[in-house]
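Written below as structure tokens is the structure these notes are about.
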Amino acid sequence: KHLSKVAIMTDFENDFTVIKELGNGAFGTVYLVECIDTSEMFAVKSISKQNVTANHVNLTNLMNEIKLIRKLDHPNIVKLHYVYESSTHIYLVIDYVEGGNLFSRIIKRKVYNEKIAAKFTEKLLGVLSYLSSLDIAHRDLKLENILMVSEENDYDFKLADFGLAAEVTEGLHLRCGSPGYIAPEVLRKCYYGSKVDVFSAGVILYILLCGKMPFPGNNIQDILLRNRDCKISFSRESWKNVSKLATALVLKLTEPVANFRPSAKEALSDPWFEHQLNFALPQL
Ligand code: ADP
Ligand code: MG
């Protein structure tokens with residue numbers, strides 16, 4: 113039997129065996145599965161149609177997203193292989209990424225040293241630059257949606273969860289994302305574009321360098337208010353050991369005014385990368 117890369121198939125259960133649960137999120141559950149024909153391992157995101165309609169995201173939107181994700185081909189983005197639909201669920205069969213998400217990784221490591229943080233951030237901005245060249249905004253960049261390739265290193269990853277991704281048009285204005293990572297223009301109900309992802313990348317870099325969230329709060333309302341007002345503190349003990357260049361890049365990426373914020377491509381030529389990735393080589 114031939115699995116189709118383009119058609120939406122039925123009978124998911126006939127083609128895959130579920131091994132175990134990998135994670136749970138807003139729209140569904142992710143399982144590790146084995147392809148019955150080839151013994152290949154995949155992750156499958158099972159989305160309940162009922163949940164989709166309950167969350168006011170209709171099925172047509174979901175299908176549009178699937179079309180959009182299928183266009184993506186990048187070493188740091190999980191690949192969507194197959195799509196199944198049953199009467200109750202949609203199943204997205206994607207690459208299985210073995211190293212757990214970046215949230216668990218940073219809990220283990222507490223903080224990243226600057227060289228590893230620079231290696232990681234350079235790759236992340238590379239993905240964002242690729243997405244923005246295709247006029248796609250991810251809109252939910254956060255630790256849980258970044259999957260680590262292995263336990264061996266802390267910078268190889270694949271970006272996952274395109275559930276909120278959208279084609280960038282003149283009229284993007286839906287307030288969405290995760291509290292603590294959202295660009296202020298989204299929270300201020302402005303029209304916005306690809307630079308919302310650059311802001312979230314800045315939040316992620318902040319967390320990698322100091323191990324804390326830049327917009328802490330006791331409840332979602334608290335977090336959203338700080339997030340909207342974009343007041344970031346560098347006064348914690350852990351920032352004393354962070355270089356001026358690294359701190360400066362966090363500030364550039366989390367610039368509150370989108371027009372003054374660099375694009376992902378522009379941010380890639382930040383001097384911090386040059387300094388960490390080239391100058392820091394041992395002298396011969
Ligand atoms: P949601 O839209 O529900 O947030 P995600 O796609 O973010 O779903 O997946 C939720 C969690 O499941 C992730 O944080 C991760 O831990 C795990 N997961 C998701 N996709 C994969 C994958 N391809 N390989 C391994 N684990 C995954
Ligand atoms: Mg997610």
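UniProt numbering puts the sequence shown at residues 113 to 396.
Positions of the beta carbon are idealized from the N, C-alpha and C atoms, including for glycine.
> Just checking my contact of Asp252 with Leu276 at CB under 8 Å: how many whole Å lie between their CB atoms?
Replying inline: Counting from 1 along the sequence shown, the entry for residue 252 is found at position 140. Counting from 1 along the sequence shown, the entry for residue 276 is found at position 164. Indeed they touch by this definition, with Cβ atoms about 4 Å apart.
>> For a test of your reading of the model: does the CB of Phe124 fall under 7 Å from any non-hydrogen atom of the ligand ADP? Yes or no.
In response: Start at 1 with the first residue of the sequence shown, and residue 124 comes out as number 12. No, the beta carbon of Phe124 sits no closer than 7 Å to any heavy atom of the ligand ADP.
> From Gly323 to Gln333, what does the alpha carbon distance come to, in whole angstroms?
Replying inline: Residue numbering aside, residue 323 sits at position 211 when the sequence shown is read from its first letter. Residue numbering aside, residue 333 sits at position 221 when the sequence shown is read from its first letter. Each residue's Cα considered, the two are about 22 Å apart.
> In terms of alpha-carbon separation, which member of Asp207, Lys343, Ile248 lies closest to Phe269?
Replying inline: For the purposes of this step, residue 269 is taken as residue 157 along the sequence shown, with counting starting at 1. With distances taken between Cα atoms, Phe269 lies closest to Asp207.
> the ligand ADP heavy atoms versus the CB of Phe269: any closer than 7 Å?
Replying inline: Walking along the sequence shown from the start, residue 269 turns up at place 157. Because no heavy atom of the ligand ADP lies under 7 Å away, the Cβ of Phe269 does not count as near it: no.
>> Checking the sheet assignment: what are the DSSP bridge partners for Glu133?
In response: Taking the first residue of the sequence shown as position 1, residue 133 is located at position 21. When DSSP reads this structure, Glu133 sits in a beta bridge with Tyr143.
>> the ligand ADP and Asn206: does any heavy atom of the ligand fall closer than 7 Å to the residue's C-beta?
In response: Residue mapping note: residue 206 aligns to position 94 of the sequence shown, counting from 1. The sequence shown places Ile at residue 206, rather than the Asn named in the question. Checking every heavy atom of the ligand ADP against the Cβ of Ile206, one is found closer than 7 Å.
>> Between which two residues does the alpha helix (DSSP H) holding Ala272 run?
In response: Start at 1 with the first residue of the sequence shown, and residue 272 comes out as number 160. Unbroken run through Ala272: none, as it is neither H nor E.
>> At a cut-off of 7 Å, would you count Val209 as near the ligand ADP, judging by its Cβ distance to the nearest heavy atom?
In response: The residue given as residue 209 occupies position 97 in the sequence shown. Flag set: Cβ of Val209 near the ligand ADP.
> Smallest Cα separation from Ile316: which of Lys235, Arg300, Ala370?
Replying inline: For the purposes of this step, residue 316 is identified with residue 204 of the sequence shown, where counting begins at 1. Cα-wise, what sits closest to Ile316 is Lys235.
> With a CB to CB cut of under 8 Å and the five nearest residues on each side skipped, what residues in its chain are close to residue 64?
Replying inline: Because the chain in this structure spans residues 113 to 396, residue 64 falls outside the shown range and cannot be described.
>> The beta strand (DSSP E) that contains Leu192, what's its start and end?
In response: Along the sequence shown, read from residue 1 onward, the residue named residue 192 stands at position 80. 192-197 is the extent of the beta strand (DSSP E) around Leu192.
> Under 8 Å, do Ser290 and Lys231 count as touching if we go by C-beta distance?
Replying inline: Against the sequence shown, residue 290 aligns to sequence position 178. Against the sequence shown, residue 231 aligns to sequence position 119. No. Outside cutoff.
> Can you name the start and end residues of the alpha helix (DSSP H) that Met175 belongs to?
Replying inline: As a working note, residue 175 is residue 63 in the sequence shown. 171-182 is the span of the alpha helix (DSSP H), which, as asked, contains Met175.
> Mind checking whether the beta-carbon of Asp309 lies closer than 7 Å to any heavy atom of the ligand MG?
Replying inline: Translated into the one-based positions of the sequence shown, residue 309 becomes position 197. Asp309 Cβ: outside cutoff for every heavy atom of the ligand MG.
>> For Val205 and His193, which I take to be in contact (beta-carbon distance under 8 Å), what is that distance rounded to the nearest angstrom?
In response: Taking the first residue of the sequence shown as 1, we reach residue 205 at position 93. Taking the first residue of the sequence shown as 1, we reach residue 193 at position 81. At roughly 5 Å, the Cβ-Cβ gap stays under 8 Å, so Val205 and His193 are in contact.
> Per DSSP, Phe327 is paired with what?
Replying inline: Mapped onto the sequence shown, residue 327 falls at position 215. Answer is none; Phe327 lacks a bridge partner.
> Any chance the CB of Gly137 is under 7 Å from a heavy atom of the ligand MG?
Replying inline: The residue given as residue 137 occupies position 25 in the sequence shown. Taking 7 Å as the cut-off, one finds at least one heavy atom of the ligand MG near enough to the beta carbon of Gly137.
> According to DSSP, which residues form a beta bridge with Ser160?
Replying inline: Your numbering for residue 160 matches position 48 in the sequence shown. Note: Ser160 sits in a beta bridge opposite His201.
> How about Val190: is its Cβ closer than 7 Å to a heavy atom in the ligand ADP?
Replying inline: Here residue 190 corresponds to residue number 78 of the sequence shown, with the count starting at 1. Because some heavy atom of the ligand ADP lies under 7 Å away, the Cβ of Val190 counts as near it: yes.
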